[in-house]
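In our numbering, the protein residues as written are 259 to 545. Glycine included, each C-beta is placed from N, C-alpha and C at the ideal position.
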């Protein structure tokens, strides 16, 4: 379990970050943030990507939380959730999300997952479709042999330099995976990313376990049987999870909607913040 003294020290170091809520699933604790109106019109669960934590959704939670019960989760071994010692799979992370939704009485939920979070969302929809009201897949992939691999810039982003501070490491990584024009024009966004990455950063060992989990992801054979409403949203300048992966998902999931963000890299949640929030809210509102 997470040590209370460690949590207190973290809170003192980052006083601007509210303490998370916590829930027990089978003897392990998962941390999450929640914003909701008095009478929410449904539940939305945000799942973040490789190397990130629940703070990656800090510009979505207040917006979606005006209408819905909006929740952002720290995956196992990440952020304020309990550490683990053994390797795990994307399916294991999906089972965590299922147990979480049930434990906090938030099922069925609209699932919004970016990158690895999309891997988890897809596995959740495959394994426990009754818990999923809709599925928004952002900069993600079905995995497996058909996955289109990163370009050289994307590959470089997957090799974090742990000799740097967490903030410097995040600046380097996000500068590689977001569109260069956006990075040049929005230095304040990189400042915010660096600040969020400095909170409970992954150790090299935790990053390695999480990276290995992504290699287990493959729902290719299950896509045609998915019956949940799906929105696939992808930037066509994504160097990490290439645009072709989004095209494949949209083509294979029955009835899926597909939104292309022109000139956008791997992080449309920031690169096209207002459009992203508007488009996903519009999709969720139909279901």
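Grab the span of the beta strand (DSSP E) containing residue i for me, first residue to last.
i           : result
residue 515 : 515-519
residue 536 : From DSSP, residue 536 is part of no beta strand (DSSP E) but of the alpha helix (DSSP H) over 531-543.
residue 289 : 286-293
residue 368 : 367-372
residue 493 : 488-493
residue 280 : 279-283
Round the Cβ separation of residue i and residue j to the nearest angstrom and send it over; I've been treating them as touching at under 8 Å.
i           : j           : result
residue 375 : residue 306 : 5 Å
residue 542 : residue 368 : 5 Å
residue 201 : residue 478 : Residue 201 is absent from the model: the chain starts at 259 and stops at 545.
residue 355 : residue 319 : Their Cβ separation, rounded to whole angstroms, is 17 Å, which puts residue 355 and residue 319 out of contact at 8 Å.
residue 496 : residue 397 : 6 Å
residue 475 : residue 377 : 4 Å
residue 498 : residue 412 : 4 Å
residue 390 : residue 418 : That pair is no contact at about 31 Å.
Report the rounded CA-to-CA distance for residue i versus residue j, giving the unit in angstroms.
i           : j           : result
residue 358 : residue 372 : 18 Å
residue 293 : residue 504 : 29 Å
residue 284 : residue 334 : 12 Å
residue 407 : residue 481 : 19 Å
residue 392 : residue 545 : 7 Å
residue 386 : residue 286 : 20 Å
residue 460 : residue 337 : 7 Å
residue 414 : residue 434 : 8 Å
residue 538 : residue 394 : 7 Å
residue 462 : residue 420 : 7 Å
residue 382 : residue 349 : 7 Å
residue 446 : residue 310 : 18 Å
residue 300 : residue 521 : 32 Å
residue 321 : residue 327 : 11 Å
residue 330 : residue 441 : 25 Å
residue 325 : residue 525 : 24 Å
residue 534 : residue 437 : 16 Å
residue 264 : residue 290 : Note that residue 264 has pLDDT 33, beneath the 50 cutoff, so the model's placement of it is unreliable and the number below is only indicative. Each residue's Cα considered, the two are about 17 Å apart.
residue 341 : residue 529 : 31 Å
residue 288 : residue 278 : 9 Å
residue 518 : residue 388 : 28 Å
residue 351 : residue 323 : 24 Å
residue 297 : residue 362 : 16 Å
residue 492 : residue 425 : 26 Å
residue 443 : residue 523 : 14 Å
residue 502 : residue 405 : 8 Å
residue 281 : residue 308 : 22 Å
residue 409 : residue 466 : 20 Å
residue 548 : residue 276 : The question about residue 548 has no answer here: the residues shown for the chain are numbered 259 through 545.
residue 469 : residue 332 : 15 Å
residue 384 : residue 540 : 24 Å
Just curious, the alpha helix (DSSP H) that residue i is in, first and last residue?
i           : result
residue 425 : 424-435
residue 464 : 462-472
residue 441 : 438-443
residue 353 : 348-361
residue 508 : 501-510
Check your understanding: For the segment 341-348 against the segment 312-326, are there 3 or more C-beta pairs whose distance is under 8 Å?
Key -> Per the Cβ contact rule, the segment 341-348 is not in contact with the segment 312-326 (fewer than 3 Cβ pairs under 8 Å).
**Study point:** Validate contact between the segment 424-431 and the segment 452-466 using beta carbons, cut 8 Å, 3 pairs
**Key:** yes
Exercise for review: Decide if the segment 513-526 is in contact with the segment 481-488; the criterion is three or more beta carbon pairs, one per stretch, under 8 Å apart.
Suggested key: Look at the beta carbons and you see the segment 513-526 touching the segment 481-488: at least three pairs across the two are nearer than 8 Å.
Review point. What are the uninterrupted segments assigned as alpha helix (DSSP H) that are 4 or more residues long and contained completely in the segment 298-342, given in chain order?
Key: 319-322
Practice item. With a floor of 4 residues, list each alpha helix (DSSP H) that falls wholly inside the segment 380-413, ordered by position along the chain. Key: none
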